[in-house]
Structures are given as structure tokens and as C-alpha cells.
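Novice: Before I ask anything, let me first share the structure, which is written out below as C-alpha cells.
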Amino acid sequence: MKKSYNNGVEATLGVISGKWKPQLLCHLGNRPQRTCDLRQKLPAISQKVLTQQLRELEDDGIIKRLVYGDRAPFKVVYELTDLGRSLGQILVQMSLWGEQRASQVPDMEIQNDHDGFAKLLQN
Numbered sequence: 001m002k003k004s005y006n007n008g009v010e011a012t013l014g015v016i017s018g019k020w021k022p023q024l025l026c027h028l029g030n031r032p033q034r035t036c037d038l039r040q041k042l043p044a045i046s047q048k049v050l051t052q053q054l055r056e057l058e059d060d061g062i063i064k065r066l067v068y069g070d071r072a073p074f075k076v077v078y079e080l081t082d083l084g085r086s087l088g089q090i091l092v093q094m095s096l097w098g099e100q101r102a103s104q105v106p107d108m109e110i111q112n113d114h115d116g117f118a119k120l121l122q123n
């Protein structure tokens, strides 16, 4: 089924929005990651939601799933595609805007920085 958006911003947000996708992209910006690594970095995410979010990012061409080994247990690693890496500048700018906004709002804080996004710009 063809997806329809009103503008490019809406199309971009359709790919990267959600509670976990920006965090997953930030961690994958640092290096390719196994599922267990991502679960360790995001302890509040359930396995079901993690799998769902990774599949959606994979379906959108943002990440790729690599399977190593010729028999179980297989080693599964996720890494950004070129399309995923192209989000680097957008994600850094969004992160900087959010950090600036958080500094102006007394009841808002940012718990992590945007290093993973910034590393996307270096690759």
C-alpha cells in the first residue's frame, strides 16, 4: 500500500518518529549493534517493541540486518544503511534544537547527548 504524506517533514517523521527509533538510530550511529547490545543500552524497551522498531527501520531502508553463522544460534547484527547515515545531519539538528529547548524549560531535561548522531556525520 502506498504511503501518502502532506509534505517531506511528515514523510521524514513517519520514518524516524516514536519513542525508541531516535535512540536506536543514535546507538547504531556509534557502531553496528547486536540485539542484546541494544537491549542493554535501552533496558526499558521490551523485546517485542525492539523487534518491531528494528523491523520498521529495516523495511524503510534505514538499517540492515546481517546474520552470521551457518547454524543456530546465529549472530544477528544491525547497522545503518547509506540512507540511514544520510539522516545524520537532520538528527543532529533536531537533537541540538531539543537540547536548546530543554535548557529553556524548567521541567525538561535531556538524559543523553547526540554523540551517536554526530558520528553519522563523520562516516
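Letter 26 of the sequence shown, counting from 1, is numbered 26 in the UniProt record's numbering, and no numbers are missing. No residue lacks a Cβ here, since even glycine has one placed at the ideal position from N, Cα and C.
Jot down the residue ranges of each uninterrupted beta strand (DSSP E) in the UniProt domain "HTH hxlR-type" (7-106), minimum 3 residues, whole runs only, in chain order.
Specialist: Complete beta strand (DSSP E) runs here, min 3: 63-68 and 75-80.
Novice: Going by C-alpha distance, which of Pro-106, Gln-89, Gln-111 and Ser-103 is nearest Lys-119?
Specialist: Gln-89
Novice: Keeping to the same chain, check which residues put their C-beta closer than 7 Å to that of Gly-61; ignore five residues upstream and five downstream.
Specialist: So the qualifying residues of the chain are Thr-81 and Leu-83.
Novice: Quick one: is Tyr-68 buried, meaning 16 or more other Cβ sit within 10 Å of its Cβ, or exposed?
Specialist: exposed
Novice: Compare the C-alpha of Asp-115 against each of Arg-101, Cys-36, Arg-31 and Thr-51 and name the closest.
Specialist: Arg-31
Novice: Where Ile-45 and Lys-3 are concerned, what is the direct C-alpha to C-alpha distance, given to the nearest angstrom?
Specialist: 27 Å
Novice: Counting pairs of beta carbons, one from the region 90-104 and one from the region 48-59, are three or more of them closer than 8 Å?
Specialist: no
Novice: Hey, out of Gln-111, Ser-17, Asp-37 and Thr-12, whose CA is closest to Tyr-78's CA?
Specialist: Asp-37
Novice: Within the same chain, show all residues whose beta-carbon is closer than 8 Å to that of Leu-66, passing over the 5 residues directly before and after it, in chain order.
Specialist: Pro-32, Val-76, Val-77, Tyr-78 and Glu-79
Novice: Could you check if Phe-117 is buried or exposed, using at least 16 other CB atoms within 10 Å of its CB as the buried criterion?
Specialist: buried
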